[in-house]
Amino acid sequence: LNRGELFRAIRASSAVPGVFTPVTREGRVLVDGGLVNPIPIAPTLTDTTDATIAVNLNALGGRRRREAAAGPTRDGGAVTGEGTEKATSAEVDSYRERIAQFFREQFGDSEPAEPQPTAMELLSKSFDTMQGQIARMKLATYAPTVTVEIPRSACGFFEFDRAEELAAIGYEAASRALAALGPPAGQPPVA
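Per this note's numbering, residue 1 is the first one in the sequence shown, and the count goes up by one each step.
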């Protein structure tokens, strides 16, 4: 799988199950490699390089995403608010209500009900948690020379409309990380 059409490779690398259709090639279903390896350092280990620079899109901390004033809001990559009830099927809602009713009958309804996440919110949060754990393992296993840290909280999964803003966040983080790395051996510092 190291030869073929560039477009199909790019298309496969952006295929997230349930969001973007996977690409099939030679009997294999290809999806975004970030699902199992969000920081692919291992393939570079045999390269002769002065430095290995990793980009961690699952860093903890950092600033929170902008708060929405009213109407639909974005939380953990899923859109919530008016109109998103369609994200869960009537059958799932029915089961959820029956389970909630069972617990109300067994334990009473003494506490106010907290808002429940939608199916997409739950899926997104689960994906984020999984990616964060895998990223931490990869960084611990293969220590790069420098890591560009982008906080997971910088954006949600479907916030493509913020590409320019997110590119600026990435540029700023990369500039800080590279400044900490310093110039290559034998090169004068950049003024």
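Don't be surprised by glycine CBs; every beta carbon is placed ideally from N, CA and C.
Beta carbon of residue i, beta carbon of residue j: below 8 Å?
{"i": "Leu57", "j": "Arg152", "result": "yes"}
{"i": "Leu139", "j": "Ala54", "result": "yes"}
{"i": "Thr145", "j": "Thr48", "result": "no"}
{"i": "Ala15", "j": "Thr21", "result": "yes"}
{"i": "Arg25", "j": "Arg8", "result": "yes"}
{"i": "Ile169", "j": "Ile150", "result": "yes"}
{"i": "Val148", "j": "Ala180", "result": "no"}
{"i": "Pro115", "j": "Lys125", "result": "no"}
{"i": "Pro17", "j": "Val31", "result": "yes"}
{"i": "Asp50", "j": "Pro184", "result": "yes"}
Within the continuous beta strand (DSSP E) that includes residue i, where are the two ends?
{"i": "Thr203", "result": "Past the edges of the chain, shown from 1 to 191, lies residue 203, and the structure says nothing about it."}
{"i": "Glu149", "result": "146–151"}
Around the Cβ of residue i, are there at least 16 other Cβ atoms within 10 angstroms (buried) or fewer (exposed)?
{"i": "Ile198", "result": "Any question about residue 198 goes unanswered here, given that the chain covers just 1 to 191."}
{"i": "Pro72", "result": "For Pro72, the predicted structure reports a pLDDT of 34, less than 50, and the residue's modelled location is therefore unreliable. The matter cannot be settled from this model."}
{"i": "Gly156", "result": "buried"}
{"i": "Pro43", "result": "exposed"}
{"i": "Val79", "result": "Residue placement at Val79 is poorly supported in this model, since its pLDDT is 35, which falls under 50; the coordinates are not used for a value here."}
{"i": "Ala173", "result": "buried"}
{"i": "Pro38", "result": "buried"}
{"i": "Thr129", "result": "exposed"}
{"i": "Glu121", "result": "buried"}
{"i": "Ala143", "result": "exposed"}
{"i": "Gln131", "result": "buried"}
{"i": "Ala59", "result": "buried"}
{"i": "Ala154", "result": "buried"}
Where does residue i fall in DSSP's three states?
{"i": "Ala54", "result": "strand"}
{"i": "Arg28", "result": "strand"}
{"i": "Ala15", "result": "coil"}
{"i": "Ala185", "result": "coil"}
{"i": "Ala59", "result": "strand"}
{"i": "Thr44", "result": "helix"}
{"i": "Gln116", "result": "coil"}
{"i": "Gly170", "result": "helix"}
{"i": "Glu159", "result": "coil"}
{"i": "Gly33", "result": "helix"}
{"i": "Ile10", "result": "helix"}
{"i": "Lys5", "result": "According to the sequence shown, residue 5 is Glu rather than Lys. Glu5 falls in the coil class under three-state DSSP."}
{"i": "Phe20", "result": "coil"}
{"i": "Ile220", "result": "Look at the range of the chain in this structure, 1 to 191, and you will see that residue 220 is not part of it."}
Grab the span of the alpha helix (DSSP H) containing residue i for me, first residue to last.
{"i": "Leu139", "result": "119–141"}
Using 7 Å as the cut-off, classify the Cβ of residue i as near or not near the heavy atoms of the ligand HEM, replying yes or no.
{"i": "Pro188", "result": "You won't find the ligand HEM in this model; it holds no ligand whatsoever."}
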